[in-house]
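Chains as they are written, first to last, in this note's numbering: chain D, -19 to 312; chain E, 13 to 249. Scroll down for the structure; my scribbles are underneath it.
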Amino acid sequence: MSDITMIHAPQKRVPFAQEAAGALTILALGAVGYFLYPDDLAFLTRLIGIAFLVLSLDLVTGYCGVATLGHAAQFGVGAYAAGIACIRGVTDPVALLGVGLVAGTIMGLISGALITRFRGLPQLVLSIAVGQLVAGLANKLSWLTGGSDGLSGIEPGKVFGVFGFDMYSRTGYLFSLAVLVITFVVLQRFVRSPFGLMCRGIKDDDLRAKMIGVSIYPRLVAMYGVAGAVAGIGGALTAISTGVVGLDSVSFERSAEVLVMLVLGGAGHLWGALAGTVIFMIFEHVVAAANPFHWMTMVGLLLILIVVFAPRGLIAPVMSLWTKMTRKGKAA
Amino acid sequence: MPATALEISDLNAGYGPTRIIEDISFKVAAGDRLAVIGRNGMGKTTLLATLMGLTTRHGGAISLNGEDIAGRRTSARAELGIGYVPQTRDIFPSLTVDENLRTGLKGRAPSALDEAYAMFPRLRERRGNFGKQLSGGEQQMLSMARTLLGQPSILLLDEPLEGLAPVICDELMAMLTGLAATGEMTIILVEQQIERALAFANGVMVMERGRTSWSGTPDALKSDHGLIDRLVGVGIH
Chain D
-19 MSDITMIHAP
-9 QKRVPFAQEA
1 AGALTILALG
11 AVGYFLYPDD
21 LAFLTRLIGI
31 AFLVLSLDLV
41 TGYCGVATLG
51 HAAQFGVGAY
61 AAGIACIRGV
71 TDPVALLGVG
81 LVAGTIMGLI
91 SGALITRFRG
101 LPQLVLSIAV
111 GQLVAGLANK
121 LSWLTGGSDG
131 LSGIEPGKVF
141 GVFGFDMYSR
151 TGYLFSLAVL
161 VITFVVLQRF
171 VRSPFGLMCR
181 GIKDDDLRAK
191 MIGVSIYPRL
201 VAMYGVAGAV
211 AGIGGALTAI
221 STGVVGLDSV
231 SFERSAEVLV
241 MLVLGGAGHL
251 WGALAGTVIF
261 MIFEHVVAAA
271 NPFHWMTMVG
281 LLLILIVVFA
291 PRGLIAPVMS
301 LWTKMTRKGK
311 AA
Chain E
13 MPATALEISD
23 LNAGYGPTRI
33 IEDISFKVAA
43 GDRLAVIGRN
53 GMGKTTLLAT
63 LMGLTTRHGG
73 AISLNGEDIA
83 GRRTSARAEL
93 GIGYVPQTRD
103 IFPSLTVDEN
113 LRTGLKGRAP
123 SALDEAYAMF
133 PRLRERRGNF
143 GKQLSGGEQQ
153 MLSMARTLLG
163 QPSILLLDEP
173 LEGLAPVICD
183 ELMAMLTGLA
193 ATGEMTIILV
203 EQQIERALAF
213 ANGVMVMERG
223 RTSWSGTPDA
233 LKSDHGLIDR
243 LVGVGIH
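Structure, rendered in structure tokens:
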């Protein structure tokens, strides 16, 4: 029997229902982290910062099919821009987010303009080259970035003039969580917009997209700009919450790691990006603490298992199960 | 007399250096329905692909509403009003029916989707299904509906009836006839089901080895069975 599901009547959709569900889910998970793991808030704040980078990567890789191993450049540029701005007097956390967003967007547009001109291996190599170029500049421009010592002395002001950043990372965590919720809701709308749908269409087959009047290159560059904005926000949040920006934020290892997180969670799905980040980072955190010498081996084993048994990422079977459950619920 | 919508002059094109179609010339007016017929491998699909900018043009001119579009890219031609429904259907498999249709809106309000669903009620039933889950006929409907949502002035259809059940063929041809009756859309139809194509068209072009071997009215072709047998290889009685 065919797996086609008949949907005879148009379903009435509650406006913003998906967005509200997404926001509430993230808030609920965030509350679990806040109340159950109060001693790990610094780690969880870092996790949220990285989640922005994985979401950003998902936009270009998962939704547009662009192969990249240099995506940390946008995250790092956002982090450095926010850090430098803070040291030079812009201390309002929201303004610093704006600085990271703008810097990330510009970096995204530049990267996209270069990388999306090509396909396949040249594209991948070019993305690595862009990442390495940014990493090299961050190292060489030590008068601005702190070089290999990193950029330190970042002391942001209070959030809305009320909530100061504390050593337990409570404010940093809640601030990051709030920004994540807002960004996630916006992205949910964005990927379902005509622009987002066409990007998925381009990933399916760019020739088909051309035949219905779509100019591929400008769209991919624009998507890179949006992805840069998301990564830049993540970078800025990390700079604000940790008070330091190091070369690791623009490193090749960071780019490769977030790609692994995306594959683990499931590319082409915002929840996949989030799930991949959470699972990878918590697994890495726990295993590294339990076995500091062989934790990478354990991470490698986890990845092999995921790729073999869930090649479309962990989110695919979860979504499939969810769809079946909701269909059964409607049928009942 | 309606203005010329599309004019092709001495068109030579193919794939890379290989020429498939040679010295093709014709013109169609707004509201015309041209059937392009011929045996397999005679260059009919290449002709449509060339009009859409998907092949290598070796010479000749393509003029759309008086504007030379021969050097324009595929996406620009689509923007200018050429809608193409290829033989391969070319829907987006990972998007749902609804999402596929929304990619064809070209800035129109989402309420325009109702036009597509009114034209193809079967798609409304499948609106939540992914493109890859549809049958061949449904994919064809989806491809056509998405193209029509863009309100093309020229519609290129490459064997839209291929592999479809007769009842679906009837539905599609009835829909095309209804579209043509508005007189606002020029339709160029490549089709192997000769009888249906001739019943639909008001002009016919027969292709042989990449060239135009005959052109005229459907009645003229239908009345000469020997000509049909010789040019197309099928009998119509």
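We put the CB at the ideal spot given by N, CA and C, even for glycine.
Candidates the options, of which the one nearest residue i by Cα
i: serine 36(D); options: Ile182(D), Gly56(D), Val12(D); result: Gly56(D)
i: glycine 2(D); options: Ile86(D), Tyr60(D), Ile182(D), Val166(D); result: Val166(D)
i: valine 34(D); options: Arg68(D), Thr163(D), Asp129(D), Gly100(D); result: Thr163(D)
i: phenylalanine 140(D); options: Val46(D), Thr71(D), Leu227(D); result: Thr71(D)
i: leucine 161(E); options: Leu92(E), Ile103(E), Ala124(E), Leu63(E); result: Ala124(E)
i: glycine 78(E); options: Phe104(E), Lys39(E), Ala211(E), Gln163(E); result: Lys39(E)
i: glycine 222(E); options: Arg85(E), Gly55(E), Asp170(E), Leu63(E); result: Gly55(E)
i: alanine 8(D); options: Thr41(D), Met87(D), Val161(D), Thr125(D); result: Val161(D)
i: isoleucine 6(D); options: Phe98(D), Ala290(D), Tyr153(D); result: Tyr153(D)
i: leucine 66(E); options: Pro297(D), Ala268(D), Leu187(D), Val267(D); result: Leu187(D)
i: glutamate 91(E); options: Met191(D), Val79(D), Met241(D), Gln103(D); result: Met191(D)
i: glycine 212(D); options: Ala(-3)(D), Phe23(D), Ser300(D), Gly63(D); result: Gly63(D)
i: methionine 131(E); options: Leu169(E), Ser235(E), Ala186(E); result: Ala186(E)
i: glutamate 264(D); options: Leu283(D), Thr303(D), Trp251(D); result: Leu283(D)
Interface residues of chain D facing residue i [CB-CB closer than 7 Å]
i: lysine 118(E); result: Gly193
i: methionine 64(E); result: Met191
i: glycine 175(E); result: None at all; the shortest Cβ gap to chain D is about 17 Å.
i: serine 87(E); result: Lys190, Gly193, Val194, Ser195
Contact list for residue i against chain D, beta-carbon separation under 9 Å
i: alanine 90(E); result: Lys190, Met191, Ile192, Gly193, Val194
i: glycine 162(E); result: Ile192, Gly193
i: serine 225(E); result: Ordered by position in chain D, no residue passes the 9 Å Cβ test against serine 225(E), which lies about 28 Å from the chain.
Residues of its chain near residue i, where Cβ-Cβ distance is below 7 Å and the 5 sequence neighbours each way are ignored
i: arginine 101(E); result: Gln151, Gln152, Ser155
i: leucine 173(E); result: Cys181, Leu184, Glu203, Gln205, Arg208
i: leucine 89(D); result: Val201, Tyr204, Gly205, Gly208
i: threonine 62(E); result: Leu23, Ala25, Ile33, Arg69
i: serine 231(D); result: Ala52, Ala115
i: leucine 233(E); result: Leu210, Val216, Leu239, Ile240
i: methionine 241(D); result: Val34, Gly256, Thr257, Phe260
i: leucine 113(E); result: Leu125, Ala128, Ala157, Arg158, Leu161
Same chain, Cβ closer than 8 Å to residue i, five either side skipped, listed in chain order
i: threonine 159(E); result: Gly95, Tyr96, Val97, Gly116, Leu167
i: arginine 234(D); result: Leu33, Ala52, Phe55, Gly56, Asp228
i: aspartate -17(D); result: Only weak support exists for where aspartate -17(D) lies, its pLDDT of 40 falling under 50; the value from the coordinates is given anyway. Correct list: empty, nothing qualifies.
Helix, strand or coil at residue i according to DSSP, with G and I counted as helix
i: glycine 116(D); result: helix
i: leucine 169(E); result: strand
i: phenylalanine 212(E); result: helix
i: alanine 158(D); result: helix
i: valine 97(E); result: strand
i: leucine 131(D); result: strand
i: arginine 85(E); result: coil
i: leucine 66(E); result: coil
i: alanine 253(D); result: helix
i: isoleucine 86(D); result: helix
i: serine 75(E); result: strand
i: serine 37(E); result: strand
i: methionine 191(D); result: helix
i: methionine -14(D); result: Confidence at methionine -14(D) is low in this model, with a pLDDT of 39, below 50, so the placement of that residue should be treated as unreliable; the coordinate-derived value is given next. Note: methionine -14(D) maps to coil in three-state DSSP.
i: serine 227(E); result: strand
i: valine 298(D); result: helix
Sub-8 Å separation of residue i and residue j beta-carbons
i: glycine 84(D); j: glutamine 112(D); result: no
i: threonine 58(E); j: isoleucine 32(E); result: yes
i: histidine 70(E); j: glycine 26(E); result: yes
i: glycine 140(E); j: threonine 189(E); result: no
i: leucine 248(D); j: serine 87(E); result: Here the sequence assigns glycine to residue 248(D), which means leucine is not the residue at that position. It is not a contact, given that the beta carbons lie outside the stated cut-off.
i: glycine 215(E); j: threonine 198(E); result: no
i: leucine 106(D); j: tyrosine 60(D); result: no
i: leucine 16(D); j: serine 149(D); result: no
i: leucine 294(D); j: leucine 254(D); result: no
i: alanine 157(E); j: leucine 135(E); result: yes
i: leucine 157(D); j: isoleucine 28(D); result: yes
i: isoleucine 95(D); j: valine 110(D); result: yes
i: arginine 26(D); j: threonine 222(D); result: yes
i: leucine 239(D); j: leucine 104(D); result: no
i: glycine 246(D); j: alanine 296(D); result: yes
Residues of its chain near residue i, where Cβ-Cβ distance is below 6 Å and the 5 sequence neighbours each way are ignored
i: isoleucine 220(D); result: Pro73, Leu76, Pro136
i: glutamate 226(E); result: The sequence as given places tryptophan at residue 226(E); glutamate does not occur at that position. Only Val218, Leu243 meet the Cβ criterion.
i: valine 48(E); result: Lys56, Val202, Met217
Per-residue contacts from residue i into chain E (C-beta, under 9 Å)
i: leucine 177(D); result: Phe104, Leu107, Glu111, Asn112, Arg114, Thr115
Closer than 8 Å at the beta carbon, the chain E residues around residue i
i: arginine 180(D); result: Phe104, Ser106, Leu107, Glu111
i: proline 313(D); result: Nothing can be reported for residue 313(D): it is not among the residues displayed for chain D, which extend from -19 to 312.
i: aspartate 185(D); result: Asp102, Phe104
Per-residue contacts from residue i into chain D (C-beta, under 8 Å)
i: tyrosine 96(E); result: Met191
i: arginine 158(E); result: Ile192
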